[in-house]
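Colleague: Each protein sequence line maps, in turn, to chains A and B.
According to full-length UniProt numbering, the first sequence holds residues 1 to 263 in order.
According to full-length UniProt numbering, the second sequence holds residues 1 to 263 in order.
A virtual CB, placed ideally from N, CA and C, is assigned to each residue, including glycine.
There are 2 protein chains.
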Amino acid sequence: MRTLFATLAFGAGVSDIHDSAMDTNRKDIHNSDIPVLCRSCEARHKGMCGVLDSAELVALSRHTRLARHSAGKELAAEGMPVESYANVMRGVVKLTKVLEDGRQQIVGLQFAPDFLGRLFAPDSAVTAEAASDVDLCRLSKSGLERLIAENPKLERRLMEQTLRELDEAREWMVTLGRKTAAEKVASFLYLIATHLDPSADSEQKGRKFILPLTRGDVADFLGLTIETVSRQLSRLRAEKVIAISAVTQVDVPDLERLRKRCG
Amino acid sequence: MRTLFATLAFGAGVSDIHDSAMDTNRKDIHNSDIPVLCRSCEARHKGMCGVLDSAELVALSRHTRLARHSAGKELAAEGMPVESYANVMRGVVKLTKVLEDGRQQIVGLQFAPDFLGRLFAPDSAVTAEAASDVDLCRLSKSGLERLIAENPKLERRLMEQTLRELDEAREWMVTLGRKTAAEKVASFLYLIATHLDPSADSEQKGRKFILPLTRGDVADFLGLTIETVSRQLSRLRAEKVIAISAVTQVDVPDLERLRKRCG
DNA sequence: GAGCTCTCTTGACATGGATCAAACGGGCGG
DNA sequence: CCGCCCGTTTGATCCATGTCAAGAGAGCTC
Numbered sequence: 001m002r003t004l005f006a007t008l009a010f011g012a013g014v015s016d017i018h019d020s021a022m023d024t025n026r027k028d029i030h031n032s033d034i035p036v037l038c039r040s041c042e043a044r045h046k047g048m049c050g051v052l053d054s055a056e057l058v059a060l061s062r063h064t065r066l067a068r069h070s071a072g073k074e075l076a077a078e079g080m081p082v083e084s085y086a087n088v089m090r091g092v093v094k095l096t097k098v099l100e101d102g103r104q105q106i107v108g109l110q111f112a113p114d115f116l117g118r119l120f121a122p123d124s125a126v127t128a129e130a131a132s133d134v135d136l137c138r139l140s141k142s143g144l145e146r147l148i149a150e151n152p153k154l155e156r157r158l159m160e161q162t163l164r165e166l167d168e169a170r171e172w173m174v175t176l177g178r179k180t181a182a183e184k185v186a187s188f189l190y191l192i193a194t195h196l197d198p199s200a201d202s203e204q205k206g207r208k209f210i211l212p213l214t215r216g217d218v219a220d221f222l223g224l225t226i227e228t229v230s231r232q233l234s235r236l237r238a239e240k241v242i243a244i245s246a247v248t249q250v251d252v253p254d255l256e257r258l259r260k261r262c263g
Numbered sequence: 001m002r003t004l005f006a007t008l009a010f011g012a013g014v015s016d017i018h019d020s021a022m023d024t025n026r027k028d029i030h031n032s033d034i035p036v037l038c039r040s041c042e043a044r045h046k047g048m049c050g051v052l053d054s055a056e057l058v059a060l061s062r063h064t065r066l067a068r069h070s071a072g073k074e075l076a077a078e079g080m081p082v083e084s085y086a087n088v089m090r091g092v093v094k095l096t097k098v099l100e101d102g103r104q105q106i107v108g109l110q111f112a113p114d115f116l117g118r119l120f121a122p123d124s125a126v127t128a129e130a131a132s133d134v135d136l137c138r139l140s141k142s143g144l145e146r147l148i149a150e151n152p153k154l155e156r157r158l159m160e161q162t163l164r165e166l167d168e169a170r171e172w173m174v175t176l177g178r179k180t181a182a183e184k185v186a187s188f189l190y191l192i193a194t195h196l197d198p199s200a201d202s203e204q205k206g207r208k209f210i211l212p213l214t215r216g217d218v219a220d221f222l223g224l225t226i227e228t229v230s231r232q233l234s235r236l237r238a239e240k241v242i243a244i245s246a247v248t249q250v251d252v253p254d255l256e257r258l259r260k261r262c263g
């Protein structure tokens with residue numbers, strides 16, 4: 001991990017030697033003309049960069065740099081201007097909003113390879129905070145916006161991610177508005193189990209993962225208190241729907257059984 | 001109203017005589033080359049059609065027809081294929097999701113001149129239902145998708161509406177997750193007061209409107225029961241924050257005072 | 001390894017909103 | 001005009017979840 005950082009950080013600009021002229025359609029069979037930073041990146045395939053060819057990746061990588069942040073770091077603040085967008089490469093970012101008196105609600109979680117940032121708005125409507133340690137691939141605001149204007153495929157891809165986020169937000173509104181505390185906690189675990197490890201074999205019956213959120217975060221996500229979250233987790237454990245070996249270490253032996261608890 | 005219907009319905013195709021060749025930049029000073037259906041439409045200015053010039057409007061109007069529905073009509077069903085998009089021209093459409101056991105949550109309200117429909121998805125993730133009597137300008141799915149592919153401005157406009165909807169959904173998640181019943185009801189009234197009448201003078205201190213939703217709808221929107229909604233409305237009335245002359249007739253004498261109740 | 005701190009868990013109690021029940025009222029058909 | 005119907009309001013009670021408080025476990029410093 002420590003070494004990865006150096007590799008990626010210094011690798012970012014290296015491929016600029018590449019000739020950006022009209023060899024746009026060449027396939028990247030050998031990866032030789034893909035920027036180093038992109039080679040191991042989730043977003044390169046499933047994220048927004050999946051629509052870019054190697055020349056475009058190279059062009060984009062000129063406006064790009066890896067940023068590594070540890071858990072708790074505030075990445076953008078509600079109501080404050082944002083000067084860059086980002087792709088989540090590793091870890092989880094929470095998007096929160098607060099009421100005047102301090103009540104807080106998590107309104108979104110972003111996993112690799114999600115795009116981070118509110119396009120076309122001068123400032124952020126939410127606070128973005130690293131929930132776990134995260135790696136971001138930061139993109140300059142103007143650079144990406146220019147690229148979007150030139151590249152309809154990219155705009156389309158971002159449109160699709162935005163629509164997916166809207167679907168997810170609406171799905172979550174049902175959870176917030178109509179589910180019991182027990183169902184909320186089950187729904188949360190199910191969400192994490194199915195989103196956290198993109199490489200997981202989807203045919204597998206169960207999942208093990210390290211919770212990237214504290215109990216407080218979970219409470220803020222579900223519109224509950226820490227105590228209620230804790231009690232419901234204990235109940236799920238008592239009923240053998242989950243096993244918790246350490247506070248953040250969750251084992252779901254049977255995803256389908258968990259899903260049945262989601263309401 | 002009765003006559004308007006006939007005018008619009010038959011007017012829709014009339015302007016097809018217009019020459020769609022390269023006079024794209026002409027301004028519509030006299031409205032003479034704007035399709036009849038579009039002339040009185042909110043979406044024409046503030047909605048997605050605002051980015052279209054008269055030639056494009058004419059082209060679009062070939063795939064367009066006015067549809068009038070009365071309150072309660074189901075316009076799209078969760079999980080079912082959709083064959084058309086629409087613009088809301090008048091009235092309010094509610095988007096709902098249900099849990100298996102019948103618990104229901106409204107996940108969005110669409111007012112004129114909002115765009116209605118989930119772009120690029122084969123079927124709807126939500127149920128859309130006319131909350132009041134509504135007029136829709138229906139657009140064929142394939143027709144609009146083709147137009148979007150050809151017209152970056154239109155795609156951008158729809159992207160912006162989608163982003164705004166996402167912002168609103170997240171705003172509402174705070175309401176659902178963290179506000180008290182009293183704050184929820186106040187927030188709902190505030191939302192309606194500020195969204196319902198697009199022509200309202202924004203400098204005016206108060207608002208009067210006819211609630212386009214039943215108490216049951218309001219409850220489904222707020223994640224509450226009918227009884228709780230009713231009680232909170234009574235409380236707001238007792239405290240003179242609102243006046244209710246008939247069940248659906250609400251008078252907010254001081255918007256700012258209402259906003260203070262929103263948490 | 002003792003003690004500190006921080007997060008989490010568990011218990012006891014309080015309360016906001018749900019549930020159950022009944023009365024009210026406006027619109028509509030007869 | 002009467003009476004029914006359906007949506008709404010209001011009241012009485014219950015219960016899920018919040019609040020307050022104490023204890024448990026894990027990591028950190030000295």
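Could you tell me the boundaries of the alpha helix (DSSP H) in which Asp217 of chain A lies?
Modeller: Residues 215–222.
Colleague: In three-state DSSP terms, what is Val126 of chain A?
Modeller: Three-state result, Val126 of chain A: coil.
Colleague: Among B:Gln232, B:Arg90, B:Leu75, which has the Cα closest to the Cα of Gly117 of chain B?
Modeller: Nearest option by C-alpha distance: B:Leu75.
Colleague: Compare the C-beta of Ala128 of chain B against all C-beta atoms of chain A and say whether one is closer than 8 Å.
Modeller: With 8 Å as the cut-off, Ala128 of chain B does not count as an interface residue toward chain A.
Colleague: Leaving out five residues on either side along the sequence, give the residues of the same chain with a beta carbon under 6 Å from the beta carbon of Gly47 of chain B.
Modeller: The answer, listed in chain order, is Asn87, Pro113.
Colleague: Please identify, using Cβ separations under 8 Å, the residues of the stretch 162–188 of chain A that lie next to chain B, in order along the chain.
Modeller: Correct list: Thr162, Leu163, Glu165, Leu166, Asp167, Ala169, Arg170, Glu171, Trp172, Met173, Val174, Leu176, Gly177, Arg178, Lys179.
Colleague: Under 8 Å Cβ to Cβ from Ile106 of chain A, same chain only, skipping five residues before and after it: list those, please.
Modeller: Counting only Cβ-Cβ distances below 8 Å, and skipping sequence neighbours, we find Lys94, Leu95, Thr96, Asp217, Asp220, Phe221.
Colleague: In chain order, what residues of the same chain lie with their CB nearer than 8 Å to the CB of Lys205 of chain A, ignoring the 5 residues before and after it?
Modeller: Within the same chain, Lys205 of chain A has close Cβ partners Pro253, Asp254, Leu255, Glu256.
Colleague: Please check if any C-beta of chain A sits within less than 8 Å of the C-beta of Val107 of chain B.
Modeller: Output row for Val107 of chain B: interface = yes.
Colleague: Just grab the DSSP bridge partners of Asn151 of chain B for me.
Modeller: Bridge partners of Asn151 of chain B: none, in fact.
Colleague: If you run the structure through DSSP and keep just helix, strand and coil, what is Lys97 of chain B?
Modeller: In this structure, Lys97 of chain B counts as strand in the three-state DSSP scheme.
Colleague: Beta-carbon of Leu258 of chain A versus every beta-carbon of chain B: anything under 8 Å?
Modeller: With 8 Å as the cut-off, Leu258 of chain A does not count as an interface residue toward chain B.
Colleague: Cβ closer than 8 Å: which chain A residues qualify as neighbours of Asp118 of chain B?
Modeller: Strictly speaking, residue 118 of chain B in this sequence is Arg, with Asp absent from that position. The contacting residues are Leu163, Asp167.
Colleague: 8 Å is my cut-off, CB to CB: does Glu78 of chain A come that close to chain B?
Modeller: Not one chain B Cβ lies under 8 Å of Glu78 of chain A.
Colleague: By how many angstroms is the C-alpha of Cys137 of chain B removed from the C-alpha of Ser84 of chain B?
Modeller: When rounded, the distance between both Cα atoms is 10 Å.
Colleague: At a Cβ threshold of 8 Å, is Gly223 of chain B touching chain A?
Modeller: Yes, Gly223 of chain B counts as interfacial toward chain A.
Colleague: Kindly indicate if chain A contains any beta-carbon less than 8 Å away from that of Glu145 of chain B.
Modeller: False, the Cβ-Cβ gap to chain A never drops below 8 Å.
Colleague: Determine the closest residue to Arg237 of chain B out of B:Arg39, B:Val134, B:Ala186, with distance taken between C-alpha atoms.
Modeller: Closest option to Arg237 of chain B, Cα to Cα, is B:Ala186.
Colleague: On the premise that Val250 of chain A lies in contact with Leu211 of chain A, defined as a C-beta separation below 8 Å, what is that separation, rounded to the nearest angstrom?
Modeller: Right, their Cβ atoms sit about 6 Å apart.
Colleague: Ignore the nearest five residues each way along the sequence and tell me which others in Ser70 of chain A's own chain have a CB closer than 6 Å to its CB.
Modeller: Asp133.
Colleague: Between the stretch 146–155 of chain A and the stretch 43–58 of chain A, can you find at least three pairs of beta-carbon atoms closer than 8 Å?
Modeller: Verdict: yes, contact present.
Colleague: Should Gly263 of chain A be flagged as near chain B, meaning a C-beta pair shorter than 8 Å?
Modeller: So yes, Gly263 of chain A belongs to the interface.
Colleague: DSSP beta-bridge partners for Gly108 of chain A?
Modeller: DSSP, once it has assigned bridges, lists A:Leu95 as partnering Gly108 of chain A.
Colleague: Could you tell me the boundaries of the alpha helix (DSSP H) in which residue 268 of chain B lies?
Modeller: A query on residue 268 of chain B cannot be resolved here, the shown segment of chain B reaching from 1 to 263 and no further.
Colleague: Can you check which of these residues, A:Thr175, A:Ile244, A:Arg44, is closest to Phe115 of chain A by C-alpha distance?
Modeller: Measuring from the Cα of Phe115 of chain A, the nearest candidate turns out to be A:Arg44.
Colleague: Against chain A, does Glu74 of chain B count as a neighbour if the rule is that its beta carbon must be under 8 Å from one of theirs?
Modeller: Glu74 of chain B does not count as touching chain A.
Colleague: At what residues does the alpha helix (DSSP H) containing Arg231 of chain A begin and finish?
Modeller: Note, Arg231 of chain A: alpha helix (DSSP H), 226–238.
Colleague: Indicate whether at least one CB of chain B lies closer than 8 Å to the CB of Arg103 of chain A.
Modeller: It does: the Cβ of Arg103 of chain A has a partner Cβ on chain B nearer than 8 Å.
Colleague: Do Leu57 of chain A and Ile34 of chain A have their beta-carbon atoms positioned less than 8 Å apart in this structure?
Modeller: Yes, Cβ-Cβ distance for Ile34 of chain A and Leu57 of chain A is below 8 Å.
Colleague: Give the DSSP-derived three-state secondary structure of Leu196 of chain A in the structure shown.
Modeller: Coil.
Colleague: For Gly72 of chain A, which residues in the same chain have their Cβ closer than 8 Å to its Cβ, ignoring the five residues on either side in sequence?
Modeller: If we look at Gly72 of chain A and ignore the five residues flanking it on each side, its Cβ neighbours are Glu129, Ala130.
Colleague: Taking just the CA atoms, how far does Leu213 of chain A sit from Leu109 of chain B?
Modeller: Distance between the alpha carbons of Leu109 of chain B and Leu213 of chain A: 32 Å.
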